[in-house]
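Encoded as structure tokens, the structure appears first; notes follow it.
Protein chains: 2
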Amino acid sequence: MNHDYMIPLEPENLSKKIVLLVMDGLGGLPMEPGGKTELEIANTPNMDALAEKSTLGLHVPVRNGVIPGSGPAHLSLFGYDPVQYEVGRGVLSALGVDFDLQPSDVAARGNFCSIDENGVITDRRAGRISSEEGLRLCNLLNENINVPGAEIFIAHEKEYRFLFVIRADGLSANIQETDPQVVGKGPLTSIAFDAKSKKTAKIVQEFSRQAKQILSNEFPANMLVLRGIAQLPDWPKLPDVFNLKPIAIAMYPMYRGVAKLVGMESPSVAQSYEEEIDMLEKYWDNYDFFFVHIKKTDSYGEDGAFDKKVQEIEKVDALLPRILALDPSVLIITGDHSTPSLMKSHSWHPVPVLLYSKLCRPDGIASFGEAACRGGGLGVRFPGYELMPLAMAHAGRLEKFGA
Amino acid sequence: MNHDYMIPLEPENLSKKIVLLVMDGLGGLPMEPGGKTELEIANTPNMDALAEKSTLGLHVPVRNGVIPGSGPAHLSLFGYDPVQYEVGRGVLSALGVDFDLQPSDVAARGNFCSIDENGVITDRRAGRISSEEGLRLCNLLNENINVPGAEIFIAHEKEYRFLFVIRADGLSANIQETDPQVVGKGPLTSIAFDAKSKKTAKIVQEFSRQAKQILSNEFPANMLVLRGIAQLPDWPKLPDVFNLKPIAIAMYPMYRGVAKLVGMESPSVAQSYEEEIDMLEKYWDNYDFFFVHIKKTDSYGEDGAFDKKVQEIEKVDALLPRILALDPSVLIITGDHSTPSLMKSHSWHPVPVLLYSKLCRPDGIASFGEAACRGGGLGVRFPGYELMPLAMAHAGRLEKFGA
Numbered sequence: 001m002n003h004d005y006m007i008p009l010e011p012e013n014l015s016k017k018i019v020l021l022v023m024d025g026l027g028g029l030p031m032e033p034g035g036k037t038e039l040e041i042a043n044t045p046n047m048d049a050l051a052e053k054s055t056l057g058l059h060v061p062v063r064n065g066v067i068p069g070s071g072p073a074h075l076s077l078f079g080y081d082p083v084q085y086e087v088g089r090g091v092l093s094a095l096g097v098d099f100d101l102q103p104s105d106v107a108a109r110g111n112f113c114s115i116d117e118n119g120v121i122t123d124r125r126a127g128r129i130s131s132e133e134g135l136r137l138c139n140l141l142n143e144n145i146n147v148p149g150a151e152i153f154i155a156h157e158k159e160y161r162f163l164f165v166i167r168a169d170g171l172s173a174n175i176q177e178t179d180p181q182v183v184g185k186g187p188l189t190s191i192a193f194d195a196k197s198k199k200t201a202k203i204v205q206e207f208s209r210q211a212k213q214i215l216s217n218e219f220p221a222n223m224l225v226l227r228g229i230a231q232l233p234d235w236p237k238l239p240d241v242f243n244l245k246p247i248a249i250a251m252y253p254m255y256r257g258v259a260k261l262v263g264m265e266s267p268s269v270a271q272s273y274e275e276e277i278d279m280l281e282k283y284w285d286n287y288d289f290f291f292v293h294i295k296k297t298d299s300y301g302e303d304g305a306f307d308k309k310v311q312e313i314e315k316v317d318a319l320l321p322r323i324l325a326l327d328p329s330v331l332i333i334t335g336d337h338s339t340p341s342l343m344k345s346h347s348w349h350p351v352p353v354l355l356y357s358k359l360c361r362p363d364g365i366a367s368f369g370e371a372a373c374r375g376g377g378l379g380v381r382f383p384g385y386e387l388m389p390l391a392m393a394h395a396g397r398l399e400k401f402g403a
Numbered sequence: 404m405n406h407d408y409m410i411p412l413e414p415e416n417l418s419k420k421i422v423l424l425v426m427d428g429l430g431g432l433p434m435e436p437g438g439k440t441e442l443e444i445a446n447t448p449n450m451d452a453l454a455e456k457s458t459l460g461l462h463v464p465v466r467n468g469v470i471p472g473s474g475p476a477h478l479s480l481f482g483y484d485p486v487q488y489e490v491g492r493g494v495l496s497a498l499g500v501d502f503d504l505q506p507s508d509v510a511a512r513g514n515f516c517s518i519d520e521n522g523v524i525t526d527r528r529a530g531r532i533s534s535e536e537g538l539r540l541c542n543l544l545n546e547n548i549n550v551p552g553a554e555i556f557i558a559h560e561k562e563y564r565f566l567f568v569i570r571a572d573g574l575s576a577n578i579q580e581t582d583p584q585v586v587g588k589g590p591l592t593s594i595a596f597d598a599k600s601k602k603t604a605k606i607v608q609e610f611s612r613q614a615k616q617i618l619s620n621e622f623p624a625n626m627l628v629l630r631g632i633a634q635l636p637d638w639p640k641l642p643d644v645f646n647l648k649p650i651a652i653a654m655y656p657m658y659r660g661v662a663k664l665v666g667m668e669s670p671s672v673a674q675s676y677e678e679e680i681d682m683l684e685k686y687w688d689n690y691d692f693f694f695v696h697i698k699k700t701d702s703y704g705e706d707g708a709f710d711k712k713v714q715e716i717e718k719v720d721a722l723l724p725r726i727l728a729l730d731p732s733v734l735i736i737t738g739d740h741s742t743p744s745l746m747k748s749h750s751w752h753p754v755p756v757l758l759y760s761k762l763c764r765p766d767g768i769a770s771f772g773e774a775a776c777r778g779g780g781l782g783v784r785f786p787g788y789e790l791m792p793l794a795m796a797h798a799g800r801l802e803k804f805g806a
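Protein chains in written order, with the working numbering: chain A, 1 to 403; chain B, 404 to 806.
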């Protein structure tokens, strides 16, 4: 990784625990000029009281102006520069649907599309077919595809989108995507870009040929294209890089999946925020890094439901005393990116951060919100992937750099 | 470029327009302790009102402590890290005098100098001869230089400085500069550093030999040296990198030239600020990125004319309503670097920025000035070349990074 300057301590410090509490899509915008953001409007007496003893700031998950997807945004929080550590879209799709992707598998993101009688793509999203229709077509493919020497899995994601996985020996993913990413062209041929990817290329070619036949009477979804063809990345893992024993506590597969990519364990799925904190308490003695993921702040942001996003933040605030009762060495409260209700989408705006530790330099600002964080000691627009070394330092888990 | 992580949208967004209004040398310093800067003293009701709805900050054009030249400073504003994308001084000289440099040409910056009877340089600026004298000597050279197989152009810049251009087939610029950059040595011999630069080296050697003869009776300007020997760079262009149709509106060749380097069009020269805004209105429907350059803020800074610099800022403020009436998706007001009247020169001080967009996170600071910008959400000392991706994001012209 890019944190060569960190020297992990000996494994003696299981008692120095770090909690990373991520409210997905936390950052927001006012709904009207002069107004306040979701986090600023929310009544958060516990976070505000903690803020006064904390260092605040605003982090940029990827780069200034870049709108982060969920995968890259979480990698940044885990200490990985997401520009350097790029995950293929196929792998992200597998994480999102909780597919048990193996290191030898090749995964891709599939889209149903429409082609005309000449095989030219006329709609890259097949008229945005319903999820019901998309699922039916995935089942149709699973029942009829037969590529000798390989297992093919099609898992429906949503609407026109699905996960495509090849399981076979001797695969490598360096092949041409079949998605031309524009209309007016036919699907591309999946040629291999190196010798060890030839087998994969042939399998994709055969799959595409069969899929075209199987879907030929299914207009508008009468063809499919693949992109983001990738294998699981072989990256340095958190336990090795930071000498941590990390656990992910989350309600949705995507976030457990990204956490597993970097070596976190995630023994079970939580069904509610309360259950997430139950798990935090349950696993407290057995781990030393706790990633706790709160999903609905993002979902309501995507829906444009400002008030509901506010309420979710308030629910999390109400749970804060239970987390603090565990006496973590470091507690970070932040988001993976901004999802302003105003925009109904992820955005590039920097994300509020609260870093609490007995060893932090407190800003003395008794409020947790975007404007308050602008004045905090972590600074505005610092790279999100610098939070992990900061957490490690505040937990007393780093040695001196140089004599 | 270094913005591989940005995914340009389909070319459907001509209506999402970005205006980059650059007041050259905008950043300043107080003239006495406790005083205010030029921008802070200026009466700018329009900018102050806009600031309240905007995100503010201070950008660093090149690196902390680096005093930017005009070329690198503008490249940074256009999204190019000027350390990575370095332009030869010869090319900058060509841009500055509006010379129509061709891709096959080799350009250099020339200085007249003084040599003694042994050929040793005694004054690197030839006693800072007048511009009149410099022009006369350039004409003398143009009339008498004759290098077979090559066209040589000498274009006077100012005082002892000129542009030197070779036009011939098969040139390459990897040769020794003849300027030793110290007194007490003779001009260096332009040896070639690679095989394809041999022709260029020979031409420069022959040119230097003839120039020494022609200037032999012209003390103090009895010799010349060349530096910054370079060809036009072949960089990715803004239209390709950002999927933009950009136009440069400026009164001086240098700025139109740098803009053209990165693929902007610049169909005509403006004669006044008013005419610049006339052009903005005239071209509004045909472009989507508008670089508008204001020169005199820098000129008066260089002159140490604090009050006049203040007045120029106020003139620009008075034109702001006309720009806002066009309803740009993004309006950035900034400088390319600081030119404090106190210093009468370019400086390394960070440069005030105002970024207005309906999607910005407003700081609510109703003032545009150095101190106000220090509290803004863009942060202090962010890289100037990150303004372009920020502008693209705020204009809704970027896709998500990662799923």
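For each residue, glycine too, the CB sits at the ideal point set by N, CA and C.
Which of helix, strand or coil DSSP assigns to Asn-111/A: Position 111 of the first sequence holds residue 111/A. Asn-111/A: strand per DSSP, three-state reduction.
Contact between the segment 47-58 of chain A and the segment 370-387 of chain A is defined here as three or more beta-carbon pairs at a separation below 8 Å; is this criterion met? yes
How is Gly-228/A classed by DSSP in three states: helix, strand or coil? Sequence index remark: in the first sequence, residue 228/A carries index 228 (1-based). If DSSP states are grouped into helix, strand and coil, Gly-228/A belongs with the strands.
Taking the continuous beta strand (DSSP E) assigned at Gly-460/B, which residues delimit it? Numbered from its first residue, the second sequence carries residue 460/B at position 57. Segment 458-463, the beta strand (DSSP E) holding Gly-460/B.
Sub-8 Å separation of Glu-789/B and Ser-748/B beta-carbons: By 1-based counting over the second sequence, the position of residue 789/B is 386. By 1-based counting over the second sequence, the position of residue 748/B is 345. No, the Cβ-Cβ distance between Glu-789/B and Ser-748/B is not below 8 Å.
Which residues, taken in chain order from the segment 59-82 of chain A, show a beta carbon closer than 8 Å to some beta carbon of chain B? Val-62, Arg-63, Asn-64, Gly-65, Val-66, Ile-67, Pro-68, Gly-69, Ser-70, Gly-71, Pro-72, Ala-73 and Pro-82
By how many angstroms is the C-alpha of Asp-637/B removed from the C-alpha of Val-754/B? To locate residue 754/B, count along the second sequence from 1; it is residue 351. To locate residue 637/B, count along the second sequence from 1; it is residue 234. Computed Cα separation, rounded: 29 Å.
For chain B, is any of its Cβ atoms less than 8 Å away from the one on Arg-374/A? By 1-based counting over the first sequence, the position of residue 374/A is 374. It does; some Cβ of chain B falls within 8 Å.
Do you know how far the Cα of Phe-502/B is from the Cα of Leu-618/B? Sequence index remark: in the second sequence, residue 618/B carries index 215 (1-based). Sequence index remark: in the second sequence, residue 502/B carries index 99 (1-based). Roughly 24 Å separates the two Cα atoms.
Output needed for Leu-359/A: all residues of its chain with C-beta closer than 6 Å, excluding positions within five of it in sequence on either side, in chain order. As a first step, residue 359/A is located in the first sequence; it is residue number 359 there, counting from the start. Answer for Leu-359/A: His-394, listed in chain order.
Spell out whether any CB of chain B is found under 8 Å from the CB atom of Leu-92/A. In the first sequence, residue 92/A corresponds to position 92, counting from 1. Yes, contact with chain B.
Three-state secondary structure (DSSP) at Ile-594/B? Here residue 594/B refers to the residue found at position 191 when the second sequence is read from its first residue. In the structure shown, Ile-594/B sits in coil (DSSP, three-state: anything other than H, G, I, E or B).
Give the residues of chain B in contact with Val-380/A, contact being defined as C-beta atoms less than 7 Å apart. Residue numbering aside, residue 380/A sits at position 380 when the first sequence is read from its first letter. Chain B residues near Val-380/A: Gly-780 and Gly-782.
With Ile-145/A and Phe-219/A assumed to form a contact (beta carbons below 8 Å), what rounded beta-carbon distance in angstroms separates them? Reading the first sequence from its first residue, position 145 is the one you call residue 145/A. Reading the first sequence from its first residue, position 219 is the one you call residue 219/A. Rounded, the Cβ-Cβ distance is 20 Å, inconsistent with contact.
Which residues in the same chain as Arg-630/B place their Cβ atom closer than 7 Å to its Cβ, once the five residues preceding and following it in sequence are excluded? Sequence index remark: in the second sequence, residue 630/B carries index 227 (1-based). For Arg-630/B, where only same-chain residues beyond five positions count, the Cβ hits under 7 Å are Arg-492, Ala-511, Arg-512, Glu-580 and Asp-582.
Note down, in chain order, each residue of its chain lying with its Cβ closer than 7 Å to the Cβ of Tyr-252/A, except the 5 sequence neighbours on either side. Position 252 of the first sequence, counted from the start, is the residue given in the question as residue 252/A. These residues qualify, in order along the chain: Lys-295.
Extent of the continuous alpha helix (DSSP H) to which Arg-612/B belongs: In the second sequence, residue 612/B corresponds to position 209, counting from 1. It spans 601-617 - the alpha helix (DSSP H) in which Arg-612/B sits, taken as one unbroken run.
State whether the segment 533-549 of chain B contacts the segment 591-604 of chain B, with contact taken as three or more CB pairs (one from each stretch) at a distance under 8 Å. Proximity of the segment 533-549 of chain B to the segment 591-604 of chain B falls short of the contact definition, fewer than three beta-carbon pairs being nearer than 8 Å.
Report the residue ranges of all alpha helix (DSSP H) runs contained in full by the segment 662-718 of chain B; include only those spanning at least 4 residues, in chain order. Taking only runs of at least 4 residues, the alpha helix (DSSP H) segments lying wholly in the segment 662-718 of chain B are 676-685 and 699-706.
Below 8 Å, can you find three or more Cβ-Cβ pairs linking the segment 678-698 of chain B to the segment 645-665 of chain B? yes
Beta-carbon proximity of Gly-431/B to Ser-770/B, cut-off 8 Å: For the purposes of this step, residue 431/B is taken as the residue at position 28 of the second sequence. For the purposes of this step, residue 770/B is taken as the residue at position 367 of the second sequence. Taking 8 Å as the Cβ cut-off, Gly-431/B and Ser-770/B do not qualify as a contacting pair.
Which stretch, first to last residue, makes up the beta strand (DSSP E) that contains Leu-354/A? Here residue 354/A refers to the residue found at position 354 when the first sequence is read from its first residue. Taken as a continuous stretch (DSSP letters only), the beta strand (DSSP E) holding Leu-354/A covers 351-357.
Chain B contact residues for His-349/A, given Cβ-Cβ distances below 7 Å: Along the first sequence, one-based indexing puts residue 349/A at 349. Within 7 Å Cβ-Cβ: Arg-764.
Reduced DSSP secondary structure (H/G/I, E/B, other) of Met-654/B: Start at 1 with the first residue of the second sequence, and residue 654/B comes out as number 251. Three-state DSSP puts Met-654/B in coil, outside helix and strand.
Output, in sequence order along the chain, the residues in the segment 324-356 of chain A whose CB is closer than 9 Å to any CB in chain B. Within the segment 324-356 of chain A, the qualifying residues are Ser-338, Pro-340, Leu-342, Met-343, Ser-345, His-346, Ser-347, Trp-348, His-349 and Pro-350.
Report the three-state DSSP secondary structure of His-406/B (helix, strand or coil). The residue given as residue 406/B occupies position 3 in the second sequence. Bear in mind that the predicted position of His-406/B carries a pLDDT of just 49, short of 50, making it unreliable; the figure below should be weighed with that in mind. If DSSP states are grouped into helix, strand and coil, His-406/B belongs with coil.
Restricting to Cα atoms, I'd like to know which of Tyr-690/B, Gln-674/B, Pro-639/B and Ala-673/B is closest to Gly-666/B. For this step, residue 666/B is matched to residue 263 along the second sequence. With distances taken between Cα atoms, Gly-666/B lies closest to Pro-639/B.
Inspect the beta-carbon positions of Ala-73/A and Asp-336/A and report whether they are closer than 8 Å. Here residue 73/A refers to the residue found at position 73 of the first sequence. Here residue 336/A refers to the residue found at position 336 of the first sequence. For Ala-73/A and Asp-336/A, yes; Cβs fall inside 8 Å.
Can you list the residues of chain B that Glu-370/A reaches, using a CB-CB cut of under 7 Å? Counting from 1 along the first sequence, the entry for residue 370/A is found at position 370. Neighbours of Glu-370/A on chain B, chain order: Arg-764.
Rounded straight-line distance, which links the Cα of Ala-673/B to that of Gly-499/B: Position 96 of the second sequence, counted from the start, is the residue given in the question as residue 499/B. Position 270 of the second sequence, counted from the start, is the residue given in the question as residue 673/B. Gly-499/B and Ala-673/B: Cα-Cα distance of roughly 16 Å.
Under a three-way DSSP split, which group does Pro-72/A fall into? Counting from 1 along the first sequence, the entry for residue 72/A is found at position 72. It is helical.
Would you tell me roughly how many angstroms separate the C-alpha atoms of Gln-714/B and Lys-158/A, rounded to the nearest one? Looking up residue 714/B in the second sequence gives position 311. Looking up residue 158/A in the first sequence gives position 158. Using only the alpha carbons, I get a separation of about 59 Å.
Would Val-97/A count as contacting chain B if we go by Cβ distances under 8 Å? Numbered from its first residue, the first sequence carries residue 97/A at position 97. So no, Val-97/A is outside the interface.
Any residues in the segment 31-50 of chain A with a beta carbon nearer than 8 Å to a beta carbon of chain B? Which ones, in chain order? Pro-33, Gly-34 and Thr-37
Since Ile-555/B sits in a beta bridge, which residues does DSSP pair it with? By 1-based counting over the second sequence, the position of residue 555/B is 152. DSSP, once it has assigned bridges, lists Ile-569/B as partnering Ile-555/B.
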